[in-house]
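> This structure is in C-alpha cells; I'll ask about it shortly.
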Amino acid sequence: MSAAPDKKPILILTAVVALLAAGLLTYSQTIAFAWDEGFHLLTAQLIQSGKRPYLDFVFPQTPLNAYWNAAWMSIFGATWRATHAVAALMTALAVWLASGFVLSRFPKPGWRLACSLTCALLIGLSVQVFDFGTIAQAYGFCLFLIVAAFRAAVASVHRSNVWLAAAAGFLASAAAASSLLTAPVAPVLLIWILISNRAGSRLAKAAAFAASVLIAFLPVIWLFAEGARQVFFNVIEYNFRYRQVNWEGAVPHNLEVLTSWIDSWQALLLGLLAIAGLLFLAVRSDWDRSLRAEFYLCGWLVLALGLHVSTAAPTFERYYLLLAPFLAILAAAGLYALGSRLFRPDRPWRSVALVSVLFALPLAKSLYESRDDFNWKDAENLAAIVDQVTPRPAPLLADELIYFLTRHPPPSGMELADSHKLGFLPAATLKLLHIVPQAELDRRVKAGDFQTIQTCGENAHALTLDLPRLYKKQKPYEDCTVFWDYTR
C-alpha cells in the first residue's frame, strides 16, 4: 500500500503566501495609492452609471479591468477600498500559482519547498509588486491572469483534450484585454504549446486557444461594432502615436528607466538569480527535457514582456513588475544552482534565509519612506473640501480621483485630463472622441464656467491662468488647492 502524499510542504507554502496576502491586503487599505488610478476608478464609476468607454468618453486602455472594477463596486460599493482589496488578493493568488508551480515541478526533493518559498518571497516582497499590485490599475489582475495562463499552458501539452489550451488562451487574452502591456503573453504561450505538445492534436489546441482569445475580447468587439473609429483611436492610435505628446523628454526618460535596475538591489538580485537559473538549465542541469522546456518558457515570457514594455513611450519601472513571477521561477532554479555549491547541498535554508533578508530590506526601507506620502486618506480630505464648496449640479473641474470620490459627474471631455493635449486633432474628430482641447478648457476657466477648480502640484491652470486672481476664495491642502467663488 503506497504512502499518502506529504501535504506538509503545501501547507507551509500556503501559510507563507497567506502571510504575504495579509501584508498586501493591509498595505492596500492604508498606504497604497497612485494618482493614475483615479482615472481607472472614475472609468469604473462611469460604467456603473451606464456610460460606455470609447463611445461616451476617452479611455485609452483595453476595458476589461474597468469592467472588473465596476463589477466589484456593484457588490461592495463604489469605493477604492474594494478594488484595492481585490487587486491585493489577485496578486497573492499570482504568488501562490507561481510558487506552487515550483513546488510541484522542482525535481530536487530536498530543495523543492525551499525554492518554492523563495519564489513566493521574491514576488511577494517586491517593492513594485507591493506598490502597484495593490491598487485599482490592472497590475494585480494581470499578474494573476498571466501566471494562471502559464500554468494552464504548461499542463495543456500533457493532455489530449483542448480545454486547458483554451483556458490558457482565454486567461492570456483576458490579461491583454485588461492591459496591452501583457499582449505578448498569448502569442508566446500559443507558439510554445504548438512546439511542446506531447498529447492530442496541435491544430485542435491552437483552434481552441484562438477561439478563447475572441471570447476574452468580446467587450472590445462589441464596442468596436458600436463605434469602430472611437475604439481604434483609444486602443491603438492613442497608445502608438499620442502617448508621448507634450513629453519632450520621453526618450531620455526611457533610457533612465531601462538603466534604473542598477540602483535597485531587488532588481539586481532577482535578475542575477534568474540568469544563474537559465545558465544552470542550459549547461549543468540533468533535468528532464520537458521539464527544462517549462522553465525555458519563463525565460521566453520574460524576454517578450521585457522587450514589449521597454518600447512603450514612455515606459515606467512599474511596468516591469509583470516579469516578476517568471523571473522568480527561474531564480528558484538559480538559487539551487548557487546554494547547493556555496553551502551544503542538503541544507538549502541558509540560501533561502540570505535571499529573503536581502530582498526584504529594500521593501522595509520603501515602506518606511512612504509612510507620510499622499494617500487615499488625504484624497478623501481634499474631496471633502471640494464637496463643501461645490453645490450640485454646479460644474467642477478637478482631478479624476476627486470626481470619483465626490461622485460629482465630470463635464463631458473632462474624464481624462491627459486628453486635453490632443487639441491639434480635427474638430470633427475631437467631437466624436469627446475631447476638449486645452485652449478651449482655458477659455472656459477664464470665463468662469466652473464653480470650483481643484488643482495639485504645478498644474498648468493655476500657473498660466492665475487662478488666485480669477477666484475670490481658495483653500490649500497638502500640495493641492481648491478655488471657488469666481470674480464676476
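Be aware that the sequence shown starts at 27, since it is given in our numbering, and climbs by one per residue.
By construction, the Cβ of each residue, glycine as well, lies at the ideal position given by its N, Cα and C atoms.
All values reported here derive from a predicted model rather than from experimental measurement.
1) Out of D399, L387, P388, L361, which has the shortest C-alpha to C-alpha gap to V378?
2) Span of the alpha helix (DSSP H) holding W122?
3) To which residues of the same chain is S152 closer than 7 Å at the C-beta, ignoring the five residues directly before and after it?
4) How many Å lie between R344 and A410 at the Cα?
5) Under 8 Å Cβ to Cβ from V43, same chain only, skipping five residues before and after it: list those, please.
6) Y93 lies in the alpha helix (DSSP H); which residues open and close that run?
7) Report yes if the C-beta distance between F156 and L81 is below 8 Å; otherwise report no.
8) Between the stretch 162–173 and the stretch 382–398, are three or more C-beta pairs nearer than 8 Å?
9) Roughly how many angstroms lie between the CA atoms of F459 and D425, to the nearest whole one?
10) Please confirm if the stretch 433–440 is in contact with the stretch 492–510, defined as three or more CB-CB distances below 8 Å between the two stretches.
11) Please classify Q71: is it buried, with 16 or more other beta-carbons within 10 angstroms of its beta-carbon, or exposed?
12) Reducing DSSP to helix, strand and coil, say where D492 ends up.
13) So within the stretch 407–479, which uninterrupted alpha helix (DSSP H) runs reach at least 4 residues, ignoring any that extend past its ends?
14) Alpha carbon to alpha carbon, how far is L408 from A108? Give it in angstroms, no decimals.
15) Is DSSP giving T481 helix, strand or coil here?
16) Measure the CB-CB distance between V328 and L305 and report whether it falls below 8 Å.
17) Note the first and the last residue of the continuous alpha helix (DSSP H) segment covering Q154.
18) Leaving out five residues on either side along the sequence, give the residues of the same chain with a beta carbon under 6 Å from the beta carbon of S238.
19) Q16 bridges to which residues according to DSSP?
20) In whole angstroms, what separates the C-alpha of V246 from that of S199?
21) Along the alpha helix (DSSP H) that carries F65, what are the first and last residues, could you check?
22) Ignoring anything shorter than 4 residues, give me the alpha helix (DSSP H) runs that lie fully in the stretch 281–366, in order along the chain.
23) Within a Cβ cutoff of 6 Å, which residues of the same chain sit near S382, ignoring the five residues on either side of it in sequence?
24) Going by DSSP, which residues form a beta bridge with T507?
25) Roughly how many angstroms lie between the CA atoms of Q87 and V271, to the nearest whole one?
26) Around the Cβ of W94, are there at least 16 other Cβ atoms within 10 angstroms (buried) or fewer (exposed)?
27) On the DSSP letters alone, give me the boundaries of the alpha helix (DSSP H) that S377 sits inside.
28) From this set, N260, S290, A254, which residue's C-alpha is nearest S205's C-alpha?
29) What three-state label does DSSP hand F235 in the structure shown?
30) Among all the DSSP beta bridges, which residues are the ones paired with P79?
31) Do S54 and A114 have their C-beta atoms closer together than 8 Å?
32) Are R224 and H184 touching if we call contact CB-CB under 8 Å?
33) Quick check for students: name the residue ranges of the alpha helix (DSSP H) that lie wholly in the stretch 148–199, counting only runs of 4 or more.
34) Smallest Cα separation from C482: which of Y264, L456, L427, P213?
35) Decide if the stretch 317–331 is in contact with the stretch 212–228; the criterion is three or more beta carbon pairs, one per stretch, under 8 Å apart.
36) Whose C-beta lies closer than 6 Å to the C-beta of G226 among residues of the same chain, with five residues either side of it excluded?
Short version:
1) Here the closest residue by C-alpha is L361.
2) Residues 106–131.
3) Excluding positions up to five away in sequence, the list reads Q292, L347, A350.
4) About 30 Å.
5) The answer, listed in chain order, is A118, V121, W122, S125, A146, G150.
6) It spans 90–102 - the alpha helix (DSSP H) in which Y93 sits, taken as one unbroken run.
7) Contact flag unset, no.
8) Between the stretch 162–173 and the stretch 382–398 there are fewer than three inter-stretch CB-CB distances shorter than 8 Å, so the stretches are not counted as touching.
9) According to the sequence as given, residue 459 is Leu; it is not Phe. Using only the alpha carbons, I get a separation of about 20 Å.
10) They do not touch, by the three-pair rule.
11) Burial of Q71 is indicated by the presence of at least 16 other C-beta atoms within 10 angstroms of its C-beta.
12) In this structure, D492 counts as coil in the three-state DSSP scheme.
13) With a minimum length of 4 residues, the unbroken runs of alpha helix (DSSP H) contained wholly in the stretch 407–479 fall at 426–432, 453–459, 464–472.
14) In this model, A108 and L408 are separated by some 20 Å (Cα to Cα).
15) In the structure shown, T481 sits in a strand (DSSP, three-state: E or B).
16) At a Cβ-Cβ threshold of 8 Å, V328 and L305 do not count as neighbours.
17) Taken as a continuous stretch (DSSP letters only), the alpha helix (DSSP H) holding Q154 covers 153–158.
18) Excluding the 5 residues flanking it on each side, S238 has same chain C-beta neighbours closer than 6 Å at A192, G195, F196, in chain order.
19) Here the chain has residues from 27 to 514 only, and residue 16 is not among them.
20) Whole-angstrom Cα-Cα distance: 12 Å.
21) For F65, the uninterrupted alpha helix (DSSP H) run begins and ends at 63–74, by DSSP.
22) Listed in chain order, the complete alpha helix (DSSP H) runs (minimum 4 residues) inside the stretch 281–366 are 291–305, 315–336.
23) Result list for S382: L147, in chain order.
24) T507 is bridged to T481, P502.
25) The alpha-carbon separation between Q87 and V271 amounts to approximately 17 Å.
26) Sixteen is the threshold: when 16 or more other Cβ atoms of the shown chains lie within 10 Å of the Cβ of W94, as they do, the residue is buried.
27) It spans 375–395 - the alpha helix (DSSP H) in which S377 sits, taken as one unbroken run.
28) Out of N260, S290, A254, N260 has the C-alpha closest to the C-alpha of S205.
29) Correct three-state label for F235: helix.
30) As DSSP reads the structure, P79 sits in a beta bridge with F83.
31) Cβ atoms of S54 and A114: closer than 8 Å.
32) Their beta carbons are under 8 Å apart, which means R224 touches H184 by this criterion.
33) Qualifying alpha helix (DSSP H) stretches, in chain order: 153–158, 165–182.
34) Checking every option, the nearest Cα to that of C482 belongs to L427.
35) Verdict: yes, contact present.
36) A distance below 6 Å between beta-carbons, with the five flanking residues on each side excluded, links G226 to the following residues of its chain, in chain order: S186.
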